[in-house]
Amino acid sequence: MKEATVAPTYARFDYIVIGGGTSGCALAATLSHNANVLVLERGSSPYDNPTAMDKENLINTLVNVTPNSWSQPFISEDGVYNIRARVLGGDSVLNAGFYSRAEKDYVEEAEWEMEKVEAAYEWVERKLVFEPQVMGWQSAFKNGLLEAGVIPYNGFTYDHINGTKIGRYDLRRSWP
Ligand SMILES: Cc1cc2nc3c(=O)[nH]c(=O)nc-3n(C[C@H](O)[C@H](O)[C@H](O)COP(=O)(O)OP(=O)(O)OC[C@H]3O[C@@H](n4cnc5c(N)ncnc54)[C@H](O)[C@@H]3O)c2cc1C
1291 MKEATVAPTY ARFDYIVIGG GTSGCALAAT LSHNANVLVL ERGSSPYDNP TAMDKENLIN
1351 TLVNVTPNSW SQPFISEDGV YNIRARVLGG DSVLNAGFYS RAEKDYVEEA EWEMEKVEAA
1411 YEWVERKLVF EPQVMGWQSA FKNGLLEAGV IPYNGFTYDH INGTKIGRYD LRRSWP
C-alpha cells in the first residue's frame, strides 16, 4: 500500500481497479492470482487506526465526517441524507457487519450463477460469520419487534425474509 503521490511516473498493469471498497478489493485479490493489478483508492487506510473498527466505536466512526475521516456525508439524487466510505475496504469498514443471504429471486434477476453464489455463501459462512449469543438487550429488542407486529418470528436464520429473526454477524464486529 503506497501513497499515490509517490507512484512512479510510468508503470504498466494488466488491470486498474478504481475504488478499493468491498467489491474492488475482492475483485483485485482474485485478479491478482494471475495478473498485475493496481487498486486506486481515494481514502486513507483503516490499518492506521484499527480500533476505529471496534464495535464500541461504530457510531463514533460513522459520525466523524471531518475532512480526512472514513465517513463521507452525501445526499442521494432522491434527497436522502446518508454516509458512504472513503477508506480502503470501503463500506465494509463502516458497516454493522450484519450478514444475510440474498433472496433467490434477487439472484435470478441479477443473472448471477446460482452455483457460484452458493459456493460464495458457504465460504463466507465457514470463514467469517457466526451465530450470535442472544443476551438480555437483544431478547428485549426481539420481543419489542414481535409486540409491534413485525412477524412471523423466524428464529435463527441467514435467509433474507420478512418478520423478525436472529441474524448472523461477521467476526470483525462481533457484537455480544
Ligand atoms: C453505515 C453502513 C452500514 C451498513 N451495514 C451493513 C451491514 O450490516 N451488512 C451489510 O451486508 N451491508 C451493510 N452496508 C452496506 C455494505 O457495506 C455496502 O453495500 C458495500 O460495502 C458496498 O460495496 P461496494 O464495493 O459497492 O462499495 P464501497 O465498499 O463503498 O467501495 C467504494 C470505494 O470506492 C472508493 N471511491 C469512490 N470514488 C472513488 C474515486 N473516484 N477514486 C478512487 N476511489 C474511489 C471509496 O472511497 C470506497 O472505498 C452498510 C453500509 C453503510 C454505509
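For the sequence shown, the positions run 1291 to 1466 when the working numbering is used. For each residue, glycine too, the CB sits at the ideal point set by N, CA and C.
Problem set entry | Contacts around E1293, its chain only, beta-carbon distance under 6 Å, and the 5 residues preceding and following it disregarded | The answer is none, since no qualifying residue turns up.
Problem set entry | Whole beta strand (DSSP E) elements within the stretch 1297–1372, 3-residue minimum | Complete beta strand (DSSP E) runs here, min 3: 1305–1308, 1327–1330, 1361–1365.
Problem set entry | Endpoints, beta strand (DSSP E) assigned at K1292 | Membership of K1292 in any beta strand (DSSP E) is not indicated, and neither H nor E is assigned to it by DSSP.
Exercise. For the alpha helix (DSSP H) that N1433 lies in, which residues bound it at each end?
Worked result: Note, N1433: alpha helix (DSSP H), 1426–1437.
Exercise. Exposed or buried, what is V1355 when buried is set at 16 or more other beta-carbons lying within 10 Å of its beta-carbon?
Worked result: Taking a 10 Å sphere around the C-beta of V1355, we find fewer than 16 other C-beta atoms and assign the residue as exposed.
For this session: Use the C-beta contact count for G1434: other C-beta atoms within 10 angstroms, 16 or more gives buried, fewer gives exposed.
Result: G1434 is exposed by the Cβ-count criterion.
Problem set entry | Distance between beta carbons of I1373 and P1363, contact taken as under 8 Å | That pair is a contact at about 5 Å.
Exercise. Taking 8 Å as the cut-off, does the CB of G1445 come closer than this to any heavy atom belonging to ligand 1?
Worked result: Relative to ligand 1, G1445 has its C-beta separated by 8 Å or more from all heavy atoms.
Exercise. Since Y1411 is in the alpha helix (DSSP H), which residue starts that stretch and which ends it?
Worked result: First-last of the alpha helix (DSSP H) with Y1411: 1404–1417.
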